[in-house]
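A quick write-up on the structure given underneath.
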Amino acid sequence: MLHVKADERRRIELTVNGRRRVGNAEPRMLLTDFLRHELQVFGVHVGCEHGVCGACTILRDGRAVRSCTQYAVQADGAEISTVEGLAHEGKLNVLQRAFARHHALQCGFCTAGILMSATHFLTTTPRPTEAQVRDMLSGHICRCTGYAPIVAAILDAAQAAGDT
Amino acid sequence: MKPARFDYYRAGSIADATGVLAELREDAAVLAGGLSLGPMLNLRLVRPRAVIDITRVPRLDTVELRNGSVATGAALTQADALESDVVRREIPLLALALPWVGHFQTRNRGTLGGSVAHADPSAEIPLCLVVSGGTIVLRSQRRERRVRAEKFFLGMLTTARQPDELVVGLEWPRAPADAGHAFEEVSQRHGDFAICAAACRIRLDGGDRIASLDLGLGGVESRPAPVDTAAFVGRPVDASMVQELGDQAVRPLAPLEDHVATADYRLALARVLISRVVHDAAADARTRRT
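Chains as they are written, first to last, in our numbering: chain A, 700 to 863; chain B, 6 to 295.
Right, dumping it as structure tokens:
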């Protein structure tokens with residue numbers, strides 16, 4: 700059984716956006732802080748740090764999850780996707796373009812997390828209803844937009860992905 | 006907020022976890038999805054000396070259909086439970102309640118066992134387990150024991166789990182084929198803590214009278230509150246019956262009071278939600294009658 704002492708910094712190896720990355724973390728280090736401070740993945744935003752606001756949402760092994768209520772030591776070997784991995788060769792993807800078109804962000808703080816949730820959500824629910832999108836969005840807090848343009852962008856992205 | 010320092014144990018088996026629990030007892034906290042313990046650690050509401058991670062214990066996230074019951078592993082995520090055909094078919098009440106548990110993003114990691122071990126008064130999964138007549142399976146180095154849900158939840162964040170015991174799974178009696186179910190909840194936003202939740206399972210006889218009625222309330226008291234329904238067996242489900250049931254159900258309650266809702270408001274909600282779930286469950290039962 701692996702035992703990491705409280706003040707011991709353990710080497711953590713995981714995959715972030717397809718690249719193998721290595722850093723060190725003591726047990727209490729949040730996965731959020733590990734990604735930002737050790738690996739310089741600054742697209743992972745830190746909001747409430749107790750699982751409520753959704754700003755830190757990432758994909759872990761394909762699923763949208765909070766990164767602030769898990770610890771870096773738990774993520775050894777995991778496959779992580781963050782907002783940095785969405786654009787392809789400098790070009791925004793379908794979902795990101797829909798967000799831009801619909802003005803689905805103002806300050807952008809919540810956006811990275813919402814994009815990751817929507818990415819997973821659209822794989823499980825490729826043709827969502829508005830109610831389903833709103834239900835998924837209930838796991839995020841946005842203080843700028845009033846959510847309406849975010850809902851429109853996600854529905855539009857689903858439509859666009861279905862058409863291609 | 007950042008947690009205070011803790012030792013980290015990654016259990017590779019149930020025996021690993023119970024071994025650490027036997028040694029450290031109250032000084033160790035069991036971590037699965039981290040949607041309950043994580044916030045408490047980060048806010049320093051708890052400062053355990055050690056955290057035991059059980060998310061990599063093999064076969065702790067299974068759904069198994071046995072003779073009369075469905076066994077769900079402690080580390081089964083709420084999202085996987087919601088997608089399970091066995092859960093939907095055999096534990097319809099849980100399938101109705103799970104969409105109320107947190108959000109898409111939290112259900113992807115939050116577990117059934119974690120919710121039960123944490124025992125928040127407003128939590129949906131403990132309420133469903135009580136109303137279903139389910140059982141919690143506990144393992145320690147000394148023994149394995151089963152505790153009925155009604156005896157397990159003792160109060161606010163307090164259960165019958167001993168300090169050296171690990172919740173390894175839940176056992177849900179298979180719902181009778183003719184039973185109707187309903188789950189309702191009121192919270193500030195969908196996915197927030199329930200101010201009041203109600204869960205119901207009902208069976209009707211050939212004359213549309215109540216053959217059995219299981220009902221419980223969450224979020225009202227410090228633990229899931231089963232409602233005594235014995236006096237209503239044999240009666241039809243109608244407005245006067247539901248009114249009487251509501252009157253009787255709220256009388257013995259000692260409701261919580263907090264910044265979100267007064268005690269009186271919780272009781273008012275309890276009556277409304279009892280009415281809704283009993284009517285809805287009866288309607289569901291009628292569609293299942295052959």
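The beta-carbon is built from N, C-alpha and C at its ideal position, and this holds for glycine as well.
Note that the structure is a prediction, hence the values are computed from the model and not measured.
Among the residues of the segment 804 to 825 of chain A, those with a Cβ less than 7 Å away from any Cβ of chain B are Ser-816 and Phe-820, in the order of the chain. Closer than 9 Å at the C-beta level to chain B, one finds these residues of the segment 751 to 784 of chain A: Val-751, Gly-753, Thr-756, Arg-759, Arg-762, Ala-763, Val-764, Arg-765, Cys-767, Thr-768, Gln-769, Tyr-770, Val-772, Gln-773 and Asp-775.
Inclusion of Val-35/B and Leu-171/B in the CB contact set at 8 Å is warranted, their separation being smaller than that value.
Short of 7 Å from the beta carbon of Arg-30/B, and not among the five residues preceding or following it, lie these beta carbons of its own chain, in chain order: Pro-168 and Asp-169. The residue among Arg-61/B, Pro-104/B and Asp-219/B with its C-alpha nearest the C-alpha of Gly-138/B is Asp-219/B. When the alpha-carbon of Leu-175/B is set against those of Ala-27/B, Leu-40/B and Val-92/B, the nearest one is in Val-92/B. Remark: fewer than three beta-carbon pairs, one from each stretch, lie closer than 8 Å, so the segment 735 to 751 of chain A and the segment 790 to 802 of chain A are not flagged as touching. In this structure, Asn-113/B and His-749/A do not form a Cβ contact; the two beta carbons are roughly 17 Å apart against a cut-off of 8 Å. From the listed residues Leu-854/A, Leu-814/A, Glu-778/A and Cys-809/A, the smallest Cα separation to Arg-720/A is found for Glu-778/A. Taking 8 Å as the threshold, the shortest C-beta distance from Arg-727/A to chain B falls below it. In this structure Leu-26/B is buried. Its beta-carbon is surrounded by 16 or more other beta-carbon atoms within 10 angstroms. Residue range 268 to 293 is occupied by the alpha helix (DSSP H) that includes Arg-271/B. Between Thr-781/A and Leu-734/A, the beta carbon gap of about 7 Å places them in contact (Cβ cut-off 8 Å).
The alpha-carbon separation between Arg-54/B and Phe-820/A amounts to approximately 37 Å.
By the C-beta density criterion, Ala-236/B is exposed, having fewer than 16 other C-beta atoms within 10 angstroms.
Between the segment 263 to 280 of chain B and the segment 195 to 213 of chain B, the count of Cβ pairs shorter than 8 Å is three or higher; the stretches touch. Identification of residues in the segment 204 to 232 of chain B having a C-beta nearer than 7 Å to some C-beta of chain A yields an empty set. For Lys-7/B, the residues of chain A that pass the 9 Å Cβ criterion are Arg-727, Met-728, Leu-729, Asp-732 and Glu-748, in the order they occur in the chain. Sequence-distant partners of Arg-153/B (beyond 5 residues in either direction) whose C-beta falls short of 6 Å from its own C-beta, in its chain, are Thr-140.
Around Arg-833/A, the same chain offers Tyr-846 and Val-850 as residues with beta carbons nearer than 8 Å, after the five sequence neighbours per side are excluded.
Per DSSP, reduced to three states, the secondary structure at Ser-780/A is strand.
At a Cβ-Cβ threshold of 8 Å, Leu-103/B and Ala-86/B count as neighbours. Contact note: Thr-111/B reaches chain A through Gly-750, Arg-765 and Gly-838, using a C-beta cutoff of 7 Å and chain order. Distances from the alpha-carbon of Leu-713/A to those of Asn-723/A, Leu-836/A, His-839/A and Ala-786/A put Asn-723/A closest. At a cut-off of 8 Å between C-beta atoms, Val-740/A does not count as an interface residue with respect to chain B. The beta carbon of Cys-843/A lies closer than 6 Å to those of Gln-805 and Cys-806 in the same chain, with the five residues before and after it left out. Contiguous beta strand (DSSP E) elements confined to the segment 44 to 102 of chain B occur at 55 to 58, 68 to 70 and 74 to 78, taking only those with 3 or more residues.
Cβ atoms of Ala-9/B and Arg-49/B come within 8 Å of each other, at about 6 Å. The beta carbon of Leu-854/A lies closer than 8 Å to those of Pro-827, Glu-829 and Val-832 in the same chain, with the five residues before and after it left out. Annotation for Ala-20/B: the continuous alpha helix (DSSP H) segment containing it runs 19 to 29. Nearest C-alpha to Val-225/B among Pro-257/B, Ala-216/B and Pro-178/B: Pro-257/B. For the C-beta of Ala-859/A, not a single chain B residue is nearer than 9 Å; the gap to the nearest is close to 21 Å. Secondary structure of Glu-829/A (DSSP, three-state): helix. By the criterion of a C-beta distance shorter than 7 Å, Val-242/B is surrounded in its chain by Ile-215, Val-283, His-284 and Ala-287, once the five residues flanking it on both sides are discounted.
Close to Ala-33/B, with beta-carbon spacing below 8 Å, lies no residue of chain A; the smallest spacing is near 12 Å. Residue contact with chain A for Arg-10/B: present (Cβ-Cβ distance below 8 Å to some residue of chain A).
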